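Beneath this line is the structure, given in C-alpha cells, with notes to follow.
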Amino acid sequence: MRTRHGEATDPLLVEGYRQCARLTWRHGTTYFWGAALLPAERRRHVHAVYALCRLADDIVDLPEPGDQPRSANGGAAGQRLEAFADGFRTALRERGSQDFGERPRPAEDPVLAAVVHTVITCGIEVECFDRFFSAMAMDLTTSQYETWEDLCGYMEGSAAVIGEMMLPILGPTSPAAKAPARTLGLAFQLTNFLRDVDEDLDRGRVYLPQADLRRFGVDLAERRVTPQWRALMAYQIERNRALYHFADSGITMLPARSARCVGAARVLYSRILDRIEVAGYDVFNGRIRVPTWRKAVTTARIMVTPRRALPRDRRERTSHVTSDTS
12 MRTRHGEATD PLLVEGYRQC ARLTWRHGTT YFWGAALLPA ERRRHVHAVY ALCRLADDIV
72 DLPEPGDQPR SANGGAAGQR LEAFADGFRT ALRERGSQDF GERPRPAEDP VLAAVVHTVI
132 TCGIEVECFD RFFSAMAMDL TTSQYETWED LCGYMEGSAA VIGEMMLPIL GPTSPAAKAP
192 ARTLGLAFQL TNFLRDVDED LDRGRVYLPQ ADLRRFGVDL AERRVTPQWR ALMAYQIERN
252 RALYHFADSG ITMLPARSAR CVGAARVLYS RILDRIEVAG YDVFNGRIRV PTWRKAVTTA
312 RIMVTPRRAL PRDRRERTSH VTSDTS
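In this note's numbering, the protein residues as written are 12 to 337.
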C-alpha cells in the first residue's frame, strides 16, 4: 500500500479521532500516556490503531445475550467479528481509491473512518490486520494453549502484529526495529495475561501454558496463592522481563519523541510486574494497577530523559530471550 499524506480536517475524521482518543483514555491508559509524548499528528494514529483493536476485542470479550460460551465456528460473536472485519476492509478498499481531499460519505462510522485514514496515511500493511482478526477469532474457539510456543502462535496475531502496526506511526530509523517492536507487543500482552488470570478464568480462558501449569503443579481452578503458584509466576515474570530486555534494543532505533513514547509505555507496563511481586503474586483478589497519578508522573519524567537513558530496568535478566523471541 502506498503512503498518502493529508490532514484530518473533515468533521467526520475529527470526530472519529476524538472518539478514538476517548476509547484509548478509557480502556488503554498506558497507551494514552505513552502517546501523549508524540506530536499531535502521530498521537491520533496511535489512538486509532488502539481503538480498532479495542472494538474487535470487545466483540470477543463482551458476549451478548444468547451467545454460546465457545463453539467450533465462533457462533454469533464470530459472525459479528467477521462483519466488523469485513466492514473495515470494505471501508479501506473504498477510501483507498479516493484522495483525502474528498469527503468521507456521511454514512461512514467516524471511528472506522479515522482508522482507515490512519492506515492509508501511515502506510500500515493491510496484512497485519488479517493476522489480528484471525487471532481474535481464535479467542472464540480456543480456551487454552499447551505450550509456550502454542501461546506465541496466538500472540503472533494478537500482540506481535500490534508492534508492526505501530512502527510506521513511530518512524523507525532502521528496519532492524521490527523484531524489537514485535517482541514489545509480546511483552505487553504477557504482562496482561499475568495480571488478568482471574478475569480470564471467568471468561473460560487460560493464557498460561498448560505444560507450565503441570510442571509447577498448579491447579488454576483453585484460584489460590500457593508456593507452587508463586514459583510459576516468578518463572513467567522472568520470561516477561527477558522480552522487555530484548525489546529495549529497538528504542534507540526510533526518533527522540517516538523513543520517549515507547519508553514510557514500556516502563508503565513493566511496573505491573513489580506490583504483582509486591502483592505476593496474588492476582485473584483485585486487579493489579499502576495508579493514574503514577502514570502521569512517569510520563513527565520520561519527557525530559535523554534518549540514551531510555529505559533500563537493571534487574532484568536474559535467560529466556533466546527461546522466547524466536
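Note that CB positions come from ideal geometry on N, CA and C, so glycine has one too. These numbers come from a predicted model, not from an experiment.
- In the DSSP annotation of this structure, the continuous segment of the alpha helix (DSSP H) that includes E138 starts and ends at V137 to M149.
- Note on T303: under 16 other CB atoms within 10 angstroms of its CB, so exposed under the neighbour-count rule.
- The continuous alpha helix (DSSP H) containing N251 extends over residues P238 to A258.
- One thing to note: L48 has its Cβ within 8 Å of the Cβ of R271.
- In the structure shown, Y156 adopts coil according to DSSP, grouped into three states.
- Rounded to the nearest whole angstrom, the CA to CA distance from R29 to R305 is 25 Å.
- A124 is the residue among A124, S260, V60 and A59 whose C-alpha sits nearest the C-alpha of T101.
- Look at V122 here: in three-state DSSP terms it is helix.
- Non-local beta-carbon contacts of A148 in its own chain, meaning distances under 7 Å to residues more than five positions away in sequence, involve G85, G89 and L92 in chain order.
- Distance from the CA of E249 to the CA of E26, rounded to the nearest whole angstrom, comes to 42 Å.
- Within the model, the alpha-carbon separation for T184 versus Y246 is close to 34 Å.
- A Cβ-Cβ separation of about 15 Å leaves R206 out of contact with D72 under the 8 Å criterion.
- In chain order, A198 and S281 place their CB closer than 6 Å to the CB of Y255, counting only its own chain and leaving out the 5 sequence neighbours on each side.
- Ranked by how close their Cα comes to the Cα of E138, the residues W159, P121, F99 and E105 have F99 in first place.
- Around D293, the same chain offers V236 as residues with beta carbons nearer than 7 Å, after the five sequence neighbours per side are excluded.
- The segment 43 to 104 is shown to contain whole alpha helix (DSSP H) runs of 4 or more residues at 51 to 72, in chain order.
- In the three-state reduction of the DSSP assignment, A170 falls in the helix class, which pools H, G and I.
- Take M244, set aside five residues on each side of it, and the residues of its chain with a beta-carbon closer than 6 Å to its own are Y292, in chain order.
- DSSP, reduced to helix, strand and coil, places T20 outside both helices and strands of the structure shown, so it counts as coil.
- Across the set M177, F295 and L201, the C-alpha of L201 shows the shortest separation from the C-alpha of M166.
- DSSP, read as helix, strand or coil, puts L219 in coil.
- Contact annotation: R106 and I135 have beta-carbon atoms that are not nearer than 8 Å.
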